Amino acid sequence: MSEGTLYDKVWENHAVAELPTGQTQLFVGLHLIHEVTSPQAFGMLRERDLDVAYPELTHATVDHIVPTADQSRPYGDDAAEEMMAELEENVREAGIQFSDPNSGDQGIVHVIGPEQGLTQPGKTIVCGDSHTSTHGAFGALAFGIGTSQIRDVLATGTVAMEKQKVRRIEVTGELGDGVEAKDVILEVIRRLGTEGGVGYVYEYAGEAIENLDMEGRMSICNMSIEGGARAGYVNPDETTYEWLRETDAFRDDPERFEELKPYWESVRSDADAEYDDVVVIDGDELEPVVTWGTTPGQGVGITQPIPSPEDLPADKRETARRAQEHMRVEPGETMEGYEIDVAFLGSCTNARLPDLRRAARIVEGRRVHPDVRAMVVPGSQRVQRAAEEEGLADVFREAGFEWRNAGCSMCLGMNEDQLEGDEACASSSNRNFIGRQGSKDGRTILMNPRMVAAAAIEGEVTDVRDLKEVTVA
Amino acid sequence: MTTEEIPEVESVTGTGVPVRGNDIDTDQIIPARFMKVVTFDGLGEFAFFDQRFDSATPAASRDGDGGAVEAQDDPKDHPFNDERFRDASVMVVNANFGCGSSREHAPQALMRWGIDAIVGESFAEIFAGNCLALGIPTVTADTETIESLQAWVDENPDGEIEVDVAAETVTYGGTTVEVAVDDAQRKALVDGVWDTTALMKSNADAVRATAESLPYVSLDD
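Same order as they appear, the protein sequences are chains A and B.
For the first sequence, the numbering used here begins at 1 and goes up steadily by one.
For the second sequence, the numbering used here begins at 1001 and goes up steadily by one.
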């Protein structure tokens, strides 16, 4: 069993009681909610005549179903309108803060939590959304829960959990040009498998991780769940603290910042912490990674050949065969030159300001390929405004991208932003499952934001390192 | 469901349905477009929808009470479309079943289709937790055991399977095999405490004490 890790410490600080099942009743420091997974939980509360126990530790936003084009109410889609109205009613009744579109603070739940300073080191954070692991970037213990658990958290402020093992993933060295956090996590999942993290929490460490900005760390923690790990985290450090200092929580309250810092420091993994497993990855060797298949573990370096199913472990072969049939790729080829129809720059993985800045540097002075439909969906209204103010929106628009409003959008196609037919999409999102982007015949290729930009320009999967960067004026 | 009714699930008996393939994700189990609902009612008809039908949307839209969808176009080859398995309650799956999102809509759809227990090689964690919250056991066995069971179900669609959670066994056609059940899951199902709300609510004072011990928590009152 692990000892002295951030996970062990945060767990201990939040453990309320041991339950008859052997599970631990864990206190929840921040409960984030959105419109898709919460309405049924509020319904269950009503059935039992229970109140929300800690509304002050709960925060809501709307992201999955929100239209990214015309956001006037009522929404054009009746079902979306009903979900939004239900959420509005629920948060009003319970007295829960709501970052709704009128507040100017709305956005993807995993973008707004950090940017408002709600996400902090040493907190337990849950949300009815598997990408809640994102918040681990700040040294929080953050994980996704189901709707019955949302009911539990609403009613009691706690969740029943079993303690997990901790695997330290150490990424050494320096990431090369064109290589990003996204490539690191795609490589981690490729190596350890989509189920390799089941039963584990991932601690990301090592020089290459420490050198990442907070947004990069979020991209990595975000996709922990794609590797089977319900939570992933990075120990808080000066980079974390610098970021936090500028958030709503502490901008005008430096005293509170100093008050909490010792707690944040205290939860860092000890130098002599014990782990259940350690994996080392050489960051120097990485190149941009793209997926060739229909699980996030089916990735390959952009210059590397797509593997033959026969060369994969026995239990991966059938999945690989079906994936290659769906994607229409052949073993031995690289993904470079794979034609795309759509480019999607968005999602809780890669739609923060630095993601858009990097992509804009590739796009500036170029045009989106005439056969490609390209869109940028900022992760939040704040990201959107900042990007508009610094001219990034114009760069994208002039190149032929659609510049949309904030939301989950085409990552999962719950609003009108969907693939059609068998369209192929270069996507900065997190899942390439069949049907994920709204069409059961659609084809998704996951990649980093600059690679999406390059694919949009060239009309095919392209090694961004071959495109000269332009500096945004 | 009220807090007084906390059922025990010591075992589940029923006929089987094999759903083959590793890494069957939650988007396959219930595509996101069917989640634009504020209740779980009627989700059963959408279980594995894109694997079962060629049409993107049901031919007849859901009726007012969220009930049955009629006459979908172009049914495909899928065990959930196979009349022989229509009354099945024990689903037999392969590895990493339920990976992907945290949507409880996935086990809700399966449960409402008729599934009461799942036997598989392995399950994604959040999915298994969601199943537990609904009282659906997710028990595991090695590849060979699962493949034999799937083959047997194909041959014996009317044959009964007993998933004994307490004894950690699965019995079918005169054969009993050992399976693994996660400790907490077994205790929760067998002792009938898988409905955790009331249980945790009873610790409210201890919860508040924990909250007050944390430097970052500011409570309203």
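Note that the Cβ used here is the ideal one computed from N, Cα and C, for glycine as well.
This structure is a prediction, so every number in the text was calculated from the model and none was measured.
Residue of the options minimising C-alpha distance to residue i
i	options	result
B:HIS1078	B:GLU1045, B:MET1200 and B:GLN1051	B:GLN1051
A:TYR54	A:LEU30, A:VAL452 and A:ASP70	A:LEU30
B:GLU1162	B:THR1171, B:ARG1020, B:ALA1180 and B:MET1111	B:THR1171
A:THR291	A:ILE185, A:ASP315 and A:GLY400	A:ILE185
A:GLY22	A:GLY297, A:PRO288, A:ALA454 and A:LYS163	A:LYS163
A:ARG361	A:GLU81, A:VAL452 and A:ASP315	A:VAL452
A:VAL372	A:LEU419, A:PRO331, A:ASN350 and A:THR349	A:LEU419
A:GLU416	B:THR1013, B:SER1011 and B:ARG1033	B:ARG1033
A:GLY346	A:ARG404, A:ARG322, A:GLU47 and A:GLU258	A:ARG404
B:ALA1211	A:ALA79, A:PHE27, A:THR334 and A:LEU446	A:PHE27
A:VAL91	A:GLY301, A:LYS182 and A:THR61	A:THR61
A:ALA399	A:VAL363, A:THR68 and A:SER380	A:VAL363
A:GLU258	A:LEU32, A:ARG317, A:ARG245 and A:ASP270	A:ARG245
A:PHE396	A:THR349, A:GLN120 and A:PHE344	A:PHE344
A:PRO67	A:ILE457, A:SER428, A:SER409 and A:GLY438	A:SER409
A:GLU35	A:ASP63, A:ARG46 and A:HIS14	A:ASP63
B:ASP1220	A:LEU57, A:ARG46 and A:ASN432	A:LEU57
A:ILE220	A:ASP237, A:THR247, A:PRO254 and A:GLU180	A:GLU180
A:ARG358	A:SER428, A:THR334 and A:SER72	A:SER428
B:GLY1149	B:VAL1207, B:VAL1177 and B:GLY1135	Residue 1149 of chain B is actually Leu in this sequence, not Gly. Measuring from the Cα of B:LEU1149, the nearest candidate turns out to be B:VAL1177.
B:LEU1043	B:GLU1008, B:SER1122 and B:ARG1112	B:ARG1112
A:GLY442	A:CYS411, A:HIS131 and A:ASP466	A:CYS411
A:ALA406	A:ALA387, A:ASP394 and A:GLY391	A:ALA387
Rounded Cβ spacing between residue i and residue j (contact assumed at less than 8 Å)
i	j	result
B:ALA1088	B:THR1140	The pair is not a contact, with the Cβ atoms about 19 Å apart (cut-off 8 Å).
A:TYR7	A:VAL166	5 Å
A:LEU356	A:PRO378	7 Å
A:GLY146	B:ASN1130	4 Å
A:ASP183	A:PRO288	5 Å
B:VAL1190	B:GLU1010	5 Å
B:THR1138	B:GLY1114	B:THR1138 to B:GLY1114, Cβ: 16 Å. No contact.
B:LEU1134	B:ALA1188	About 12 Å; that fails the 8 Å criterion.
A:GLY144	A:ILE65	At roughly 18 Å, the Cβ-Cβ gap does not stay under 8 Å, so A:GLY144 and A:ILE65 are not in contact.
A:MET335	A:ILE445	7 Å
B:PRO1107	A:LEU260	Not really, about 38 Å apart at Cβ, beyond 8 Å.
Sub-7 Å separation of residue i and residue j beta-carbons
i	j	result
B:PHE1046	B:ILE1030	yes
A:GLN97	A:HIS59	yes
A:ARG436	B:ASP1027	yes
A:ILE434	A:THR294	yes
B:VAL1038	A:PRO101	no
A:ARG367	A:GLU115	no
A:ALA137	A:LEU19	no
B:ASP1074	B:PHE1053	yes
A:MET223	A:ASN430	yes
B:GLU1160	B:VAL1181	no
B:ASN1096	A:GLU195	yes
A:ALA273	A:GLY4	yes
A:MET375	A:GLU339	no
B:PHE1085	B:VAL1017	yes
A:TYR275	A:ARG168	yes
A:LEU141	A:VAL10	yes
A:PRO254	A:PRO121	no
A:TRP243	A:MET218	no
A:THR319	B:ASN1022	yes
A:GLN25	B:MET1035	no
A:ALA323	A:GLN304	no
A:GLY113	A:LEU32	yes
Cβ-heavy atom distance, residue i to the ligand FMN, below 6 Å
i	result
A:THR147	Only the bare structure without any ligand can be found here, which leaves the ligand FMN out of the picture.
- Task: Specify whether the stretch 273-292 of chain A and the stretch 203-217 of chain A touch according to this definition: at least 3 beta carbon pairs, one from each stretch, less than 8 Å apart.
- Result: A contact exists between the stretch 273-292 of chain A and the stretch 203-217 of chain A.
- Say whether the stretch 421-441 of chain A touches the stretch 451-465 of chain A, bearing in mind that this needs 3 or more beta-carbon pairs closer than 8 Å, one atom from each stretch. Yes, the stretch 421-441 of chain A touches the stretch 451-465 of chain A.
- Message: As an exercise, report each continuous alpha helix (DSSP H) stretch of at least 4 residues that is fully enclosed by the stretch 1113-1147 of chain B, in chain order.
- Response: Entirely contained in the stretch 1113-1147 of chain B, the alpha helix (DSSP H) runs reaching 4 residues are, in chain order, 1125-1133.
- Segment contact flag, the stretch 183-202 of chain A with the stretch 107-125 of chain A, C-beta cutoff 8 Å, min 3 pairs: No, they do not touch.
- Message: For the structure I just gave you, are there three or more beta carbon pairs, one from the stretch 300-311 of chain A and one from the stretch 220-233 of chain A, closer than 8 Å?
- Response: Verdict: no, contact absent.
- Query: Which runs of the beta strand (DSSP E), 3 residues or longer, sit entirely within the stretch 152-216 of chain A?
  - Reply: Within the stretch 152-216 of chain A, the complete beta strand (DSSP E) segments at least 3 residues long are 158-161, 165-172 and 200-205, listed from N- to C-terminus.
- Evaluate contact between the stretch 262-276 of chain A and the stretch 150-159 of chain A, counting only Cβ atoms and requiring at least three cross-stretch pairs below 8 Å. In short, these stretches do not touch, since the Cβ pair count stays below three.
- Query: Would you call the stretch 1098-1105 of chain B and the stretch 1117-1128 of chain B touching, i.e. three or more CB-CB distances under 8 Å?
  - Reply: With the cut-off at 8 Å, the stretch 1098-1105 of chain B and the stretch 1117-1128 of chain B touch.
- Item | Length-filtered (3 minimum) beta strand (DSSP E) runs lying within the stretch 290-326 of chain A | With a minimum length of 3 residues, the continuous beta strand (DSSP E) runs that stay inside the stretch 290-326 of chain A are 299-301.
- At what residue ranges does the stretch 31-74 of chain A contain a whole run of the beta strand (DSSP E), taking only runs of 3 or more? Along the stretch 31-74 of chain A, the beta strand (DSSP E) occurs as fully enclosed runs of 3 or more residues at 58-61, listed in sequence order.
- Message: With three or more beta-carbon pairs closer than 8 Å as the criterion, would you say the stretch 144-151 of chain A touches the stretch 174-193 of chain A?
- Response: Verdict: no, contact absent.
- Query: Can you list the alpha helix (DSSP H) stretches of 4 or more residues lying completely in the stretch 358-422 of chain A, in chain order?
  - Reply: Those alpha helix (DSSP H) runs which fall completely within the stretch 358-422 of chain A and span 4+ residues are 381-389 and 392-399.
- Item | Segments of 4+ residues assigned as alpha helix (DSSP H) that fall wholly inside the stretch 93-126 of chain A | Correct list: 109-115.
- In chain order, each beta strand (DSSP E) run of at least 3 residues that lies wholly inside the stretch 4-28 of chain A: Entirely contained in the stretch 4-28 of chain A, the beta strand (DSSP E) runs reaching 3 residues are, in chain order, 15-18 and 24-27.
- Query: What residue ranges within the stretch 1169-1217 of chain B form continuous alpha helix (DSSP H) runs of no fewer than 4 residues, ordered along the chain?
  - Reply: Taken in chain order, the whole alpha helix (DSSP H) runs of length 4 or more contained in the stretch 1169-1217 of chain B are 1183-1191, 1196-1201 and 1204-1213.
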